[in-house]
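Taking it in order: structure first as structure tokens, then the write-up.
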Amino acid sequence: MTDTKSLTEVNRSIIDRFYAAGPRGDLETMSDCLADDVVIHEPPYLPFGGDYRGKEGLSAIYSAVAQLADVTQFKVHYILVDGDRAVAFGGFPVNDTGKFTHFAEESRLVDGKIAEIRLYYYDAQSLLVASNAAGADDSDGHTGQAL
Numbered sequence: 072m073t074d075t076k077s078l079t080e081v082n083r084s085i086i087d088r089f090y091a092a093g094p095r096g097d098l099e100t101m102s103d104c105l106a107d108d109v110v111i112h113e114p115p116y117l118p119f120g121g122d123y124r125g126k127e128g129l130s131a132i133y134s135a136v137a138q139l140a141d142v143t144q145f146k147v148h149y150i151l152v153d154g155d156r157a158v159a160f161g162g163f164p165v166n167d168t169g170k171f172t173h174f175a176e177e178s179r180l181v182d183g184k185i186a187e188i189r190l191y192y193y194d195a196q197s198l199l200v201a202s203n204a205a206g207a208d209d210s211d212g213h214t215g216q217a218l
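Residues in the sequence shown are numbered from 72 upward in steps of one, following my numbering.
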């Protein structure tokens with residue numbers, strides 16, 4: 072028997088830590104889970120869609136989503152981890168409607184850090200409606216490039 076944790080177990084603890092910090096607004100802990108050159112891919116059809124690079128990208132996307140949704144009510148229903156990949160399934164209520172928007176978030180981990188995150192939304196329409204109502208702007212410095 073060995074005391075060595077499997078890659079899946081190690082990465083599971085990183086992913087769990089990352090998602091536990093989100094509803095608390097603990098960007099420091101979330102950033103600590105990220106690689107310095109992390110890339111976060113938001114769907115290009117959203118007003119805040121595009122690629123967010125580096126740990127400062129996390130702050131930009133967190134702020135953009137917080138304008139439209141109650142991030143303190145962010146819920147993760149379950150997480151699947153296999154080796155260097157993880158997928159979290161969850162959601163959050165949209166501010167204008169209270170409607171719960173579901174997502175799947177795929178992460179790739181390298182050397183104990185999250186190196187890439189890609190978001191998939193089930194009901195993006197509620198985010199689009201909320202962003203139009205909020206007059207969301209696109210001045211947060213992300214690339215805004217479609218993938």
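Where is the CB? At the ideal position from N, CA and C, for every residue including glycine.
Over what stretch of residues does the beta strand (DSSP E) that includes residue i continue unbroken?
{"i": "Arg124", "result": "121-124"}
{"i": "Lys146", "result": "146-153"}
Quick one: using the 10 Å Cβ neighbour count with 16 as the cut-off for buried, is residue i buried or exposed?
{"i": "Glu80", "result": "exposed"}
{"i": "Thr143", "result": "exposed"}
{"i": "Val136", "result": "buried"}
{"i": "Pro118", "result": "buried"}
{"i": "Gly169", "result": "exposed"}
{"i": "Gly183", "result": "exposed"}
Indicate the three-state DSSP secondary structure (helix, strand or coil) for residue i in the structure shown.
{"i": "Phe89", "result": "helix"}
{"i": "Leu117", "result": "coil"}
{"i": "Tyr192", "result": "strand"}
{"i": "Arg83", "result": "helix"}
In the DSSP output, what is residue i paired with across the bridge?
{"i": "Ala140", "result": "Val165"}
{"i": "Ile185", "result": "Leu105, Leu180"}
{"i": "Ala159", "result": "Ile150, Glu176"}
Report, in whole angstroms, the separation of the C-beta atoms of residue i and residue j, which I expect to be a contact under 8 angstroms.
{"i": "Ala159", "j": "Ala106", "result": "So it is not a contact: roughly 17 angstroms between Cβ atoms."}
{"i": "Ile132", "j": "Ile111", "result": "6 angstroms"}
{"i": "Asp153", "j": "Thr172", "result": "So it is not a contact: roughly 26 angstroms between Cβ atoms."}
{"i": "Leu98", "j": "Leu139", "result": "With a Cβ gap of about 17 angstroms, Leu98 and Leu139 do not count as contacting."}
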